[in-house]
Amino acid sequence: MFDTPRRSLLEFHPGLWICYLLPVLCAIAFVGYFAVDVPSFDQWVLPGLFEKTATGNLTFADLFALHNTHRILFPRLIFIGLGFLSQWNIKAELYFSLGLAIISFLGLYKLSVLANGVTHIYLFHLANLLTCILFFSLNQEWLWGFQIPIFLINFCLIFAVLIFMPSPLNHHYKFLIAAGLCAIASFSSAQGLVSWLAVIPSLISLPGNATQQRKRSLIWLLLFLLSCGLYAIGYQREPLSITLSGWERVYTFIHFWLNVLAAPIVQSPQISWLLGLVILIFFLYLLYYHSGKYWKFQTFLDASPWISLGIFSLLTSLLMSWGRVDLGANYPLTAVRYTSHSTLLLIAIVYLSIQWISEKYPSFNLPIPTLIYSFICGVLCCLVWVSSGNAIARVQTNLFYSQTAQTCLYLFPYLDSQSTFFQNSPQRCLLPLSRSTWWIQEGVESLQNIGFRNFADPLKFTDNPELNYGYIDFPINTNSPQVIQSSESLTLRGWAILPDRDQQPQLVFLSKDDQQLFFASAYVNLYSPDLADILQSDRYQQSRWTTTLPPESLPPGETQIKAWVYDPDKHQFFRLNGKVIVQITQL
-4 MFDTPRRSLL EFHPGLWICY LLPVLCAIAF VGYFAVDVPS FDQWVLPGLF EKTATGNLTF
56 ADLFALHNTH RILFPRLIFI GLGFLSQWNI KAELYFSLGL AIISFLGLYK LSVLANGVTH
116 IYLFHLANLL TCILFFSLNQ EWLWGFQIPI FLINFCLIFA VLIFMPSPLN HHYKFLIAAG
176 LCAIASFSSA QGLVSWLAVI PSLISLPGNA TQQRKRSLIW LLLFLLSCGL YAIGYQREPL
236 SITLSGWERV YTFIHFWLNV LAAPIVQSPQ ISWLLGLVIL IFFLYLLYYH SGKYWKFQTF
296 LDASPWISLG IFSLLTSLLM SWGRVDLGAN YPLTAVRYTS HSTLLLIAIV YLSIQWISEK
356 YPSFNLPIPT LIYSFICGVL CCLVWVSSGN AIARVQTNLF YSQTAQTCLY LFPYLDSQST
416 FFQNSPQRCL LPLSRSTWWI QEGVESLQNI GFRNFADPLK FTDNPELNYG YIDFPINTNS
476 PQVIQSSESL TLRGWAILPD RDQQPQLVFL SKDDQQLFFA SAYVNLYSPD LADILQSDRY
536 QQSRWTTTLP PESLPPGETQ IKAWVYDPDK HQFFRLNGKV IVQITQL
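Just so it is clear: in the sequence shown, position 273 is 268 by our numbering, and no numbers are missing.
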């Protein structure tokens, strides 16, 4: 009852719009709700590029230079363009990535129409809906602006494969456009080089005699080697984080690789590697089956784009495993933003499977294979649902720290970035931005030089506010100093509020003596039901704070420590009641 001519696959019933749009809208809502306009980690390489561009000192060498082990020439151009359009609002990068993903999915949908081999509209839309769910599953990649290279590579690969599908366009133009897309992918990140090899099944599906096929393949391989040669200029591999023995390295490599394959849908160390093995075996069987159809041109033509996507995913996961194996076998399960390409392997399996069903049961008289396929699709949807739910929980937990990092960045001119606390403490509010404080400092200086982003103007310090903004209540306030040795740490505790509004402070800042510069910070997020009862408001349920100053945070001699909260509406710092006097003695 599902039989239909191929052209009817293009018929789009209104009810299907909701099914197709829902995963996309969920991804958009995910970004809209959880995205925080704050750069993190690798993004701090960009302010220097912005400054060079603004001053006219940007060179091709700056664009072509290695970033870790990658040449991100084209993403750098995109970052610069978006940076100047938005004054480096990170959300512009996130929505650009979303746009690339949406266009890429449209390319996949078009591929599913052209490279169909399926005459059952039920299977057709089931495969496309599952692809949409997989492609827009929720994870950290949507919230990191530096993910643009990954989305750009996926975009280039999909459209390089699409361009080789039957169309009135001249074969020479198809070849040139596909080569251009693979070149862009190659110089977007190291794994983009793999696109040249992955696209070969689609390349050889172009009509032509044996001589034409050999000529095209030879030129294609030469272009691949040329790209590799350009990539190798001045190439330096990152030093290994740990050193593994021979067999230990092989075991970790295989375990890492299988975890990468399963990471888009499962992040459990106990079962991910096993699911990755199942995915690998299933794809290799489908690859063997459909490769045997090479001499049946139309059959191979229908399968070739999905073979290309699957091979690309396998090769990139191998490349990633080789480069990151020293981080441990379970690293892909915690850093899922690195596994975006693995989704393409699942998508390839989805489409190759329905082609296998359509060839094995062309009359569709036996519904059992379709029922089994539908059941497996349902299981995959459930896994994506669970994985997305876990991602939301993780992001929800990290949202507070991202927002406090945004506040910390805004107030960066008032932070002593050279202090021991901001350099080394795991409690520092700058940590979500980068582990290297000097990197942030250089970036902020570049941004200030060209007027990008907003940083705090001269702010007022109110030493004796009329309202009560909180207390330092440990150590207990006394007139005699706390005597500690320079090798000892010091723990401070207290509570902080904004008494005249619902919005509550996220951070407490600590200063020395009469300085208007902060050497440490503390998160205001500890439960305080006692305060809520005393002050008779539930908004004070999480108003306590604590922080530990590492050794050598304070100079020898006597120092008075004061605590402050920042009021973003009044643009002022208000001092908390109480003070701590510390006497640092040398050993």
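Glycine included, every Cβ here is placed at the ideal spot set by N, Cα and C.
Beta-carbon gap between residue i and residue j smaller than 8 Å
i: residue 547; j: residue 506; result: no
i: residue 183; j: residue 69; result: yes
i: residue 489; j: residue 466; result: yes
i: residue 484; j: residue 544; result: yes
i: residue 140; j: residue 85; result: yes
i: residue 212; j: residue 156; result: no
i: residue 147; j: residue 95; result: yes
i: residue 39; j: residue 446; result: no
i: residue 89; j: residue 72; result: no
i: residue 405; j: residue 451; result: yes
i: residue 188; j: residue 226; result: yes
i: residue 577; j: residue 479; result: yes
i: residue 125; j: residue 372; result: yes
i: residue 554; j: residue 508; result: yes
i: residue 336; j: residue 142; result: no
i: residue 99; j: residue 149; result: yes
i: residue 499; j: residue 534; result: yes
i: residue 542; j: residue 515; result: yes
i: residue 261; j: residue 378; result: yes
i: residue 171; j: residue 154; result: no
i: residue 20; j: residue 74; result: no
Residue i, buried or exposed, once every other Cβ within 10 Å from all chains shown has been counted against 16
i: residue 529; result: exposed
i: residue 136; result: buried
i: residue 557; result: buried
i: residue 45; result: buried
i: residue 559; result: buried
i: residue 575; result: buried
i: residue 204; result: exposed
i: residue 459; result: exposed
i: residue 374; result: exposed
i: residue 442; result: buried
i: residue 273; result: exposed
i: residue 221; result: exposed
i: residue -3; result: Any reading at residue -3 is ruled out, since the residue's pLDDT is 38, under 50, leaving its predicted position unreliable.
i: residue 231; result: exposed
i: residue 2; result: With a pLDDT of only 48 at residue 2, under the threshold of 50, the placement of this residue in the model should not be trusted, and no figure is reported.
i: residue 245; result: exposed
i: residue 579; result: buried
i: residue 448; result: buried
i: residue 392; result: exposed
i: residue 55; result: exposed
i: residue 326; result: buried
i: residue 423; result: buried
Sequence-distant residues of its chain with Cβ nearer than 6 Å to residue i (five each side left out)
i: residue 436; result: 412
i: residue 12; result: none
i: residue 338; result: 129, 259
i: residue 53; result: 47
Residues of its chain near residue i, where Cβ-Cβ distance is below 8 Å and the 5 sequence neighbours each way are ignored
i: residue 18; result: 127, 128, 130, 131, 132
i: residue 512; result: 409, 410, 411, 506
i: residue 501; result: 395, 398, 399, 402, 518, 519, 520
i: residue 429; result: 35, 36, 39, 435
Proximal residues to residue i (C-beta, below 7 Å), its chain only, five neighbours per side dropped
i: residue 174; result: 218
i: residue 4; result: Summary for residue 4: the model assigns pLDDT 48, below 50, so the residue's position carries little reliability, and this model does not support an answer.
i: residue 346; result: 107, 122, 301
i: residue 252; result: 312, 313, 316
i: residue 320; result: 244, 247, 248, 251
Beta carbon proximity, residue i to chain C, threshold 8 Å
i: residue 119; result: The structure shown contains no chain C; it is built from a single protein chain.
For the segment 384 to 391 against the segment 510 to 520, are there 3 or more C-beta pairs whose distance is under 8 Å? no
Secondary structure, alpha helix (DSSP H): runs of 4+ residues fully inside the segment 479 to 542: 524 to 530
Spell out a yes or no on whether the segment 444 to 455 and the segment 562 to 575 are touching, meaning 3 or more CB-CB pairs, one atom from each, closer than 8 Å. yes
Assess contact between the segment 269 to 284 and the segment 166 to 182, defined as three or more Cβ pairs (one per stretch) separated by less than 8 Å. Is contact present? no
At 4 residues or longer, and completely inside the segment 306 to 380: list those alpha helix (DSSP H) runs for me, N to C. 326 to 329, 337 to 355
Within 8 Å, do at least three Cβ pairs link the segment 248 to 258 to the segment 267 to 281? yes
Could you name each continuous beta strand (DSSP E) segment of 3 residues or more that falls completely within the segment 395 to 479, going from the start of the chain to the end? 455 to 457, 465 to 469
Length-filtered (4 minimum) alpha helix (DSSP H) runs lying within the segment 5 to 82: 9 to 29, 41 to 49, 55 to 59, 68 to 81
Can you check the segment 104 to 160 for any alpha helix (DSSP H) of at least 4 residues that lies completely inside it and give the ranges in chain order? 116 to 130, 143 to 158
At which residue ranges does the segment 176 to 254 contain complete alpha helix (DSSP H) runs of 4 or more residues, listed in the order of the chain? 189 to 193, 195 to 198, 205 to 226
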